[in-house]
Amino acid sequence: MSVLAMSRVSKRFRTRNAEVVALDDLSLEIKQGQVLGLLGPNGSGKTTTVKVACGLLTPDSGQVFVLGRDLAMHRSQILGDIGVLLEPGKGIYKNMTVFENIVYWGLVKGVQDRRELKRRANALIQFFGLEAKKDSLASTLSTGMIQKLNLCCALVTNPRLLLLDEPNVGMDVESSSDLVKQLKWLAQDQRCAVLVTSHQMDFMEDLCDEVAFISSGRMVLRGTIDEVRWLFRQKYYKLVLRREDRSSSIDLSQCPLPGVISFRDGLPDDMVELTVDSTFTKAETILRLALEESLDVVKLELVQPSLKECYQMLFSREGAANEAG
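This note's numbering applies: residue 43 is where the sequence shown begins, and numbers increase by one.
Set out below in structure tokens:
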């Protein structure tokens, strides 16, 4: 079932000197229980997409549907079905406690049963580990805790669609890892559809079912993590070399292997780590060099590119194409 459908959406902003195209004929769909990650450089249209999807911005053309209903025509009825997190602290009242903020936003979004609203607020506080801060003023919270409070406020109506712009900003590694588990549970167990943006590729790789890359407001590529990796199926050898004979004359910083992408020295026992493009160098070439130069191959493994490496390759190509075009 489609929870969010954006059809040929365009949005422009006019400044004193120019017109900026934020979204350019963008279409996307998210189904029930799906987590879609939106990736792109700064200014590519990610935040504008989130704001258009929740009705904070009106598109110049195109349509947005939430649960099959036109957002432009039914925004007030749809509001309770959408949970939104924008920049840290947006909509949080610093002179109110954690509990009061959640209850306030539940009332604003139309939760009328006070007893049920308090139950939901307490459940969300426990879910995001904010029990110790329940009665603390929001002004005393760290950025990471503010993000958790924002999520509580976004989820208090039990939304069917969750729109998250950089949700793990200010979170430490452990909290960010916990957030991945929490959002996956919401998608898989509660069947919530999630649209999320982040510049942290490890976070997105762990969280998302699919990722969509946008540039200058246009969709460039969409697929599962495995599909994206297959498209950029250039593989790499990660290897660690060590001199068997300290008198060996080879300068490992000037390794004669073709396709060396990165080099790291200063490892224990005079070891070095190299990343080598498998397109240019095969395993047998590495082993032959090691034999000829009295090098011990401590580690040799063939690895696929990470999501971060795919992102870098895609947008380096996109930039080159724009320059050529």
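Quick reminder that beta carbons are idealized off the backbone N, C-alpha and C, glycines included.
Predicted model, so just to flag it, every value in this text is computed and none were measured.
How many Å lie between residue 305 and residue 314 at the Cα? What you label residue 305 is simply residue 263 of the sequence shown in a count that begins at 1. What you label residue 314 is simply residue 272 of the sequence shown in a count that begins at 1. Taking the straight line joining both Cα atoms gives about 7 Å.
For residue 367, three-class secondary structure by DSSP: Taking the first residue of the sequence shown as position 1, residue 367 is located at position 325. With a pLDDT of 34 at residue 367, under the threshold of 50, the modelled position of this residue cannot be trusted, and the question is left open.
Residue 53 and residue 102 closer than 7 Å at C-beta: In the sequence shown, the residue the question calls residue 53 occupies position 11. In the sequence shown, the residue the question calls residue 102 occupies position 60. Their beta carbons are under 7 Å apart, which means residue 53 touches residue 102 by this criterion.
What would DSSP say about residue 135, mapped onto helix, strand or coil? Position 93 of the sequence shown, counted from the start, is the residue given in the question as residue 135. Coil, per DSSP.
As assigned by DSSP and simplified to three states, the class of residue 52: Translated into positions along the sequence shown, residue 52 becomes position 10. In the three-state DSSP reduction, residue 52 falls in the strand class (E or B).
Taking only the alpha-carbon atoms, compute the straight-line gap between residue 259 and residue 310 and give it to the nearest angstrom. Along the sequence shown, read from residue 1 onward, the residue named residue 259 stands at position 217. Along the sequence shown, read from residue 1 onward, the residue named residue 310 stands at position 268. Residue 259 and residue 310 have their C-alpha atoms spaced approximately 47 Å apart.
Do you know how far the Cα of residue 119 is from the Cα of residue 347? Taking the sequence shown and counting its residues from 1, the one referred to as residue 347 is at position 305. Taking the sequence shown and counting its residues from 1, the one referred to as residue 119 is at position 77. Distance between the alpha carbons of residue 347 and residue 119: 44 Å.
Quick check: the segment 147-162 against the segment 218-237, are there 3 or more CB pairs under 8 Å? no
Compare the Cα-Cα distances from residue 340 to each of 285, 79, 320 and 351 and report the closest residue. On the sequence shown, position 298 is the one that residue 340 refers to. Per the Cα distances, 285.
Quick one: using the 10 Å Cβ neighbour count with 16 as the cut-off for buried, is residue 85 buried or exposed? For this step, residue 85 is matched to residue 43 along the sequence shown. Result: exposed.
By Cβ distance below 8 Å, which residues in the same chain neighbour residue 222 in space, the five residues on each side in sequence not counted? Counted from its first residue, the sequence shown places residue 222 at position 180. 245, 248 and 249.
Is residue 136 buried or exposed, if buried means 16 or more other CB atoms sit within 10 Å of its CB? Here residue 136 refers to the residue found at position 94 of the sequence shown. Residue 136 comes out exposed.
Just the C-alpha distance for residue 257 and residue 240, rounded to the nearest angstrom, thanks. Here the question's residue 257 lines up with position 215 in the sequence shown. Here the question's residue 240 lines up with position 198 in the sequence shown. Whole-angstrom Cα-Cα distance: 15 Å.
With DSSP run on the structure shown, which of helix, strand or coil describes residue 140? Position 98 of the sequence shown holds residue 140. DSSP places residue 140 in helix when its eight states are reduced to three.
Excluding the five sequence neighbours on either side, which residues of its own chain have a C-beta within less than 8 Å of the C-beta of residue 71, listed in chain order? In the sequence shown, counting from the first residue as 1, residue 71 sits at position 29. 44, 46, 47 and 48, listed in sequence order.
Rounded to a whole number of angstroms, what is the C-alpha to C-alpha distance between residue 177 and residue 216? For the purposes of this step, residue 177 is taken as residue 135 along the sequence shown, with counting starting at 1. For the purposes of this step, residue 216 is taken as residue 174 along the sequence shown, with counting starting at 1. C-alpha separation (whole angstroms): 24 Å.
From residue 218 to residue 210, what distance separates their C-alpha atoms? Indexing the sequence shown from 1 puts residue 218 at position 176. Indexing the sequence shown from 1 puts residue 210 at position 168. If you take the alpha carbons of residue 218 and residue 210, they lie about 6 Å apart.
Out of 270, 324, 100 and 243, state which residue places its alpha-carbon closest to the alpha-carbon of residue 278. Here residue 278 is taken as the residue at index 236 of the sequence shown, counted from 1. Restricting attention to 270, 324, 100 and 243, the CA atom closest to the CA of residue 278 is found in 324.
Please go through the same chain and pick out, in chain order, the residues whose beta-carbon is closer than 7 Å to the beta-carbon of residue 213, but skip the five residues on each side of it. The residue given as residue 213 occupies position 171 in the sequence shown. These residues qualify, in order along the chain: 186, 189 and 221.
With a threshold of 6 Å on Cβ separation, who are the neighbours of residue 62 within its own chain once the five nearest residues in sequence on each side are excluded? Residue mapping note: residue 62 aligns to position 20 of the sequence shown, counting from 1. Cβ neighbours of residue 62 beyond the five flanking positions: 55.
If you follow the alpha helix (DSSP H) that residue 186 is in, where does it begin and where does it stop? Stepping through the sequence shown from its first residue, residue 186 is reached at position 144. Where residue 186 is concerned, the enclosing alpha helix (DSSP H) stretches over 185-197.
With H, G and I counted as helix, E and B as strand and the rest as coil, what does DSSP make of residue 215? Position 173 of the sequence shown, counted from the first residue, corresponds to residue 215. Of the three classes helix, strand and coil, the one that applies to residue 215 here is helix, per DSSP.
Measuring straight from C-alpha to C-alpha, what distance separates residue 117 and residue 90? Reading the sequence shown from its first residue, position 75 is the one you call residue 117. Reading the sequence shown from its first residue, position 48 is the one you call residue 90. Each residue's alpha carbon lies about 17 Å from the other.
Can you list, in chain order, the residues of its chain whose CB lies under 6 Å from that of residue 206, leaving out five sequence neighbours each side? The residue given as residue 206 occupies position 164 in the sequence shown. Taken in chain order, the residues that qualify are 127 and 238.
Which same chain residues end up closer than 7 Å to residue 302 when comparing Cβ atoms and leaving out the 5 residues on each side of it in sequence? One-based indexing of the sequence shown puts residue 302 at position 260. Answer for residue 302: 316 and 318, listed in chain order.
Starting from residue 158, trace the alpha helix (DSSP H) in both directions and tell me its first and last residue. Working through the sequence shown from its first residue, we reach residue 158 at position 116. 156-169 is the extent of the alpha helix (DSSP H) around residue 158.
Coil, strand or helix - residue 93 by DSSP: To locate residue 93, count along the sequence shown from 1; it is residue 51. The answer is helix: DSSP assigns residue 93 an H, G or I state.
Residue environment, residue 132, which counts as buried when at least 16 other CB atoms sit within 10 Å: Looking up residue 132 in the sequence shown gives position 90. Within a 10 Å sphere around the beta-carbon of residue 132 sit fewer than 16 other beta-carbons, which makes this residue exposed.
By Cβ distance below 6 Å, which residues in the same chain neighbour residue 125 in space, the five residues on each side in sequence not counted? Numbered from its first residue, the sequence shown carries residue 125 at position 83. Cβ contact annotation for residue 125 (same chain, cutoff 6 Å, sequence separation greater than five): 196, 197, 201 and 204, in chain order.
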